[in-house]
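Asks:
There are 2 protein chains.
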Amino acid sequence: MTPNPRQLDLLDQVRARGSVSLETLAASFEVTLQTLRRDVKLLSEAGLLARFHGGVRVPGSTTENIAYRQRQLLNEAAKQRIARAIALAVPEGCSLIINIGTTTEAIARELLRHKGLRVITNNLNVAAILSDNADCEVIVAGGVVRSRDRGIVGEATVDFIRQFKVDIGLIGISGIEDDGSLRDFDYREVRVAQTIIERSREVWLAADHSKFNRPAMVEVARLSQVGTLFTDAPPPSPFPALLGEAGVACKVAA
Amino acid sequence: MTPNPRQLDLLDQVRARGSVSLETLAASFEVTLQTLRRDVKLLSEAGLLARFHGGVRVPGSTTENIAYRQRQLLNEAAKQRIARAIALAVPEGCSLIINIGTTTEAIARELLRHKGLRVITNNLNVAAILSDNADCEVIVAGGVVRSRDRGIVGEATVDFIRQFKVDIGLIGISGIEDDGSLRDFDYREVRVAQTIIERSREVWLAADHSKFNRPAMVEVARLSQVGTLFTDAPPPSPFPALLGEAGVACKVAA
DNA sequence: ATTAAAATGTTCGTATCTGTTCTTATTTGA
DNA sequence: TCAAATAAGAACAGATACGAACATTTTAAT
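Top to bottom, those sequences are chains C and V. According to my numbering, numbering within the first sequence proceeds without interruption in unit steps and concludes at 259. According to my numbering, numbering within the second sequence proceeds without interruption in unit steps and concludes at 259.
1. Cα-Cα, which of C/Ile-178, C/Phe-217, C/Val-149 and C/Gly-156 is closest to C/Ala-238?
2. Look at the alpha carbon of C/Ile-105 and the alpha carbon of C/Pro-241, and state the distance between them as a whole number of angstroms.
3. Are the C-beta of C/Ala-82 and some C-beta of chain V separated by less than 7 Å?
4. Mapping DSSP to helix, strand and coil, what is C/Gly-121?
5. Indicate whether C/Gly-59 and C/Ser-26 have their beta-carbon atoms separated by less than 7 Å.
6. Going by beta carbon distance, what residues of the same chain come within less than 7 Å of V/Val-19, once the five residues before and after it are set aside?
7. Ends of the alpha helix (DSSP H) at V/Ala-198?
8. Helix, strand or coil, according to DSSP, for V/Ile-71 in the structure here?
9. Residues bridged to C/Thr-37 by DSSP?
10. Hey, how far is the Cα of C/Ala-246 from the Cα of C/Leu-175?
11. Between which two residues does the alpha helix (DSSP H) carrying V/Ala-83 extend?
12. What residues in its chain sit with their C-beta under 8 Å from that of C/Leu-16, if we drop five residues either side in the sequence?
13. Looking only at C-alpha atoms, which of C/Thr-68, C/Asn-80, C/Cys-255 and C/Ala-251 sits nearest to V/Asp-137?
14. If you check the beta carbons only, do V/Ala-90 and V/Ala-258 fall under 7 Å apart?
15. Grab me the residues of V/Thr-29's own chain with a C-beta within less than 6 Å of its C-beta, minus the 5 sequence neighbours each way, in chain order.
16. Check for me: the beta strand (DSSP E) holding V/Thr-107 runs from which residue to which?
17. How far does the alpha helix (DSSP H) with V/Arg-56 in it reach, from first residue to last?
18. Quick check on DSSP: helix, strand or coil for C/Thr-233?
19. What are the residues in the region 139 to 152 of chain V lying within 7 Å of chain C by C-beta distance?
20. Who are the neighbours of V/Ile-157 on chain C, taking C-beta pairs under 7 Å?
21. Closest to V/Val-149 by C-alpha separation, out of V/Thr-162, V/Arg-114 and V/Ile-125, would be which residue?
22. Compare the C-beta of V/Phe-165 with all C-beta atoms of chain C and state if any pair is closer than 7 Å.
23. Measure how close the beta-carbons of C/Val-171 and C/Glu-194 come, nearest whole angstrom, since I'm counting them as under 8 Å.
24. Is the CB of C/Arg-22 under 7 Å away from at least one CB in chain V?
25. Is it buried or exposed for C/Gln-12, if we count other Cβ within 10 angstroms and need 16 for buried?
26. If the criterion is Cβ atoms closer than 7 Å, does the pair C/Arg-155 and C/Leu-129 meet it?
27. Considering only residues of the same chain and omitting the five flanking positions on each side of V/Asn-70, which have a CB-CB separation below 6 Å?
28. Is DSSP giving C/Ala-254 helix, strand or coil here?
29. Please tell me whether C/Ile-201 and C/Ile-134 are closer than 7 Å, where the distance is taken between their beta carbons.
30. Determine whether the beta carbon atoms of V/Phe-235 and V/Ile-87 lie at a separation below 7 Å.
31. Please report the distance separating the alpha-carbon of V/Ile-178 from that of V/Arg-114.
32. Pull up the distance between the alpha-carbon of C/Val-223 and that of V/Arg-123, whole angstroms please.
33. Report all residues from its chain with a CB closer than 7 Å to the CB of C/Gly-80; omit the five preceding and five following residues, and keep chain order.
34. Please classify V/Ala-82 as buried or exposed, where buried requires at least 16 other C-beta atoms within 10 Å of its C-beta.
35. Do you know whose CA, among C/Val-145, C/Gly-180, C/Ile-181 and C/Ile-173, lies nearest C/Asp-164's CA?
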């Protein structure tokens, strides 16, 4: 994208004033609202502006944070059902690695009453939630904190996790494609997820129904590396066949 | 959903004042209560606010360690003054290590508007607070999470921190004794604090007046290892002399 | 000069936001 | 415990903002 002078001016104005109404901007550039909306659409899709009903604002982590919290609410009931099913299947006293994701945070909440767990995570929220469980040893991986979702990623994180070997690796992902690949958006998080898979005797995948056929850029792993898939609705075709071939057990939470 | 400026303002007001009634907020924004309730509903569902009958307050997990929260309120004004003084002294764009403690959390809050910081911490709360600053690289040390205060301690933490060397090490402690020793209660945290001192070009100590002559078990360091002491009231005798001997600058926050 | 492509303006159906009114919960004091 | 007072929430209506489709103008290249 190459912004034109007006769009650059627009960014300046917004940055100078924090937030501006579209009306004001349209008047200041002497264009119609519709034209201005097109500019705003481009700039906000590029992440240079955050928009709200009636105007725009400089993007900030508060807004990103809210976006994440909203995502957390998406399919909340489904996530909680999956989380509960997983918590039921996790035996007391075992060791786990839990990665980034809104579903895995729900799992952490369901694990608050388990006894004698040892949990390793690269998710600050999971660590904070589980630190309330006095009978759970929480180990947080070191590394750079991503402000969007408070995930910890990077080379240092991978090295840290490599020190361990646990009973169960719990991973959440962005999408499962019909070629049997598990995918995510951020390659740094993918590196972490791969390490988790490598260091777990058993891999459990948490994915609600919206994840099937959802495209995402980077390949995390193949379905065949997964032991059990926890989901909230029977997977659509051709996934049942794929799961069968790959030897993945599938548990659908009622 | 994308939050509008009023909703962000609302968050600021609540964060600044701890808790506010809906009436007050509605009056301050000149909207009806109903509109305000809609904002509050969204923000609290996103976990950014906690509401009670008649108003809202900053969120905090109810299962959270209450003793620790109470300690956090202890000498709160003093801590905030110290925190502000330290934040003023921290130059933009520098690298820091921040350790465990309620004072250091206050410092983190005061650093939210700094630009270009690189912060390493073994405190989950500090990491969570600073991850809201989009212009700050937060690195969290790996290790075992202590549920009492969400501090990260242990051998792995020490090893992790040893990788770095930063401009300023910010440490808070439990007590300063009149033999010139800095002391704390948990030897594991002491090991971390010692490593921080070792890996910092300059050491700043944050300690409110209650810390002078307060006994604690484990020796962290000697006063002579400290560059600057930030406190809220002139230290009692014999500390002025001790500080002078040890070559420690002392800044009293008004 | 001609033409294609891009940018802008116009119109209109849809979605979102806000205030009003009324009913249902919750708190508080007797 | 009950009743009055206050807060919360649901439902509706009016105002405003949004986005899509199409028409028009401007720009750029041949």
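Built from N, CA and C at the ideal position, the CB exists for glycine as well.
Replies: This is what the structure gives:
1. In the first sequence, the residue the question calls residue 238 of chain C occupies position 233. The shortest C-alpha separation from C/Ala-238 is found at C/Phe-217.
2. The residue given as residue 105 of chain C occupies position 100 in the first sequence. The residue given as residue 241 of chain C occupies position 236 in the first sequence. The alpha-carbon atoms of C/Ile-105 and C/Pro-241 are separated by roughly 25 Å.
3. One-based indexing of the first sequence puts residue 82 of chain C at position 77. Not closer than 7 Å to any Cβ of chain V, the Cβ of C/Ala-82 fails to qualify, so no.
4. Taking the first sequence and counting its residues from 1, the one referred to as residue 121 of chain C is at position 116. Looking at C/Gly-121 - three-state DSSP - the assignment turns out to be coil, as it is neither helix nor strand.
5. Residue numbering aside, residue 59 of chain C sits at position 54 when the first sequence is read from its first letter. Residue numbering aside, residue 26 of chain C sits at position 21 when the first sequence is read from its first letter. Result yes, Cβ atoms of C/Gly-59 and C/Ser-26 sit closer than 7 Å.
6. Against the second sequence, residue 19 of chain V aligns to sequence position 14. Answer for V/Val-19: Val-25, Leu-54, Val-61, Arg-62 and Val-63, listed in chain order.
7. Stepping through the second sequence from its first residue, residue 198 of chain V is reached at position 193. Note, V/Ala-198: alpha helix (DSSP H), 192 to 203.
8. Numbered from 1 along the second sequence, position 66 holds the residue referred to as residue 71 of chain V. Residue placement at V/Ile-71 is flagged as unreliable, the pLDDT there being 49, under the threshold of 50; a coordinate-derived value is accordingly withheld.
9. The residue you call residue 37 of chain C lines up with position 32 of the first sequence. DSSP, once it has assigned bridges, lists no residue as partnering C/Thr-37.
10. The sequence position of residue 246 of chain C within the first sequence is 241, counting from 1. The sequence position of residue 175 of chain C within the first sequence is 170, counting from 1. About 23 Å.
11. Indexing the second sequence from 1 puts residue 83 of chain V at position 78. Its alpha helix (DSSP H) spans residues 81 to 94.
12. The count along the first sequence starts at 1 and reaches residue 16 of chain C at position 11. For C/Leu-16, where only same-chain residues beyond five positions count, the Cβ hits under 8 Å are Pro-8, Leu-48, Leu-53 and Leu-54.
13. By one-based count along the second sequence, residue 137 of chain V stands at place 132. The residue with the shortest Cα to Cα distance from V/Asp-137 is C/Thr-68.
14. Locating residue 90 of chain V in the second sequence gives position 85, counting from the first residue. Locating residue 258 of chain V in the second sequence gives position 253, counting from the first residue. It is a contact, given that the beta carbons lie within the stated cut-off.
15. Position 24 of the second sequence holds residue 29 of chain V. Nothing listed; no residue qualifies.
16. Counting from one through the second sequence, the residue named residue 107 of chain V turns up at place 102. That residue, V/Thr-107, is in no beta strand (DSSP E); its alpha helix (DSSP H) goes 107 to 115.
17. Against the second sequence, residue 56 of chain V aligns to sequence position 51. Where V/Arg-56 is concerned, there is no enclosing alpha helix (DSSP H), although the beta strand (DSSP E) it sits in stretches over 55 to 57.
18. As a working note, residue 233 of chain C is residue 228 in the first sequence. Correct three-state label for C/Thr-233: strand.
19. Ala-139, Glu-142, Val-143, Ile-144, Val-145, Ala-146, Gly-147, Gly-148, Val-149, Val-150 and Ser-152
20. The sequence position of residue 157 of chain V within the second sequence is 152, counting from 1. Here the neighbours are Val-145.
21. Start at 1 with the first residue of the second sequence, and residue 149 of chain V comes out as number 144. The candidate whose alpha carbon is nearest that of V/Val-149 is V/Thr-162.
22. Reading the second sequence from its first residue, position 160 is the one you call residue 165 of chain V. Judged by the 7 Å Cβ criterion, V/Phe-165 is in contact with chain C.
23. Reading the first sequence from its first residue, position 166 is the one you call residue 171 of chain C. Reading the first sequence from its first residue, position 189 is the one you call residue 194 of chain C. The Cβ separation is near 18 Å, so there is no contact.
24. Reading the first sequence from its first residue, position 17 is the one you call residue 22 of chain C. No, no contact with chain V.
25. By 1-based counting over the first sequence, the position of residue 12 of chain C is 7. Per the 10 Å Cβ criterion, buried.
26. The sequence position of residue 155 of chain C within the first sequence is 150, counting from 1. The sequence position of residue 129 of chain C within the first sequence is 124, counting from 1. Result yes, Cβ atoms of C/Arg-155 and C/Leu-129 sit closer than 7 Å.
27. Here residue 70 of chain V is taken as the residue at index 65 of the second sequence, counted from 1. Because V/Asn-70 carries a pLDDT of 49, less than 50, the predicted location of this residue cannot be relied on, and no value is offered for it.
28. On the first sequence, position 249 is the one that residue 254 of chain C refers to. The answer is strand: DSSP assigns C/Ala-254 an E or B state.
29. Counting from one through the first sequence, the residue named residue 201 of chain C turns up at place 196. Counting from one through the first sequence, the residue named residue 134 of chain C turns up at place 129. In this structure, C/Ile-134 does not lie closer than 7 Å to C/Ile-201 by Cβ.
30. For the purposes of this step, residue 235 of chain V is identified with residue 230 of the second sequence, where counting begins at 1. For the purposes of this step, residue 87 of chain V is identified with residue 82 of the second sequence, where counting begins at 1. Against a cut-off of 7 Å, the Cβ pair of V/Ile-87 and V/Phe-235 comes out as a contact.
31. Residue numbering aside, residue 178 of chain V sits at position 173 when the second sequence is read from its first letter. Residue numbering aside, residue 114 of chain V sits at position 109 when the second sequence is read from its first letter. Distance between the alpha carbons of V/Ile-178 and V/Arg-114 is about 18 Å.
32. One-based indexing of the first sequence puts residue 223 of chain C at position 218. One-based indexing of the second sequence puts residue 123 of chain V at position 118. C-alpha separation (whole angstroms): 28 Å.
33. Your numbering for residue 80 of chain C matches position 75 in the first sequence. Strictly speaking, residue 80 of chain C in this sequence is Asn, with Gly absent from that position. Here the set comprises Asp-213 and Ser-215.
34. For this step, residue 82 of chain V is matched to residue 77 along the second sequence. By the 10 Å Cβ count, V/Ala-82 comes out exposed.
35. Sequence index remark: in the first sequence, residue 164 of chain C carries index 159 (1-based). For C/Asp-164, the nearest C-alpha among the options comes from C/Val-145.
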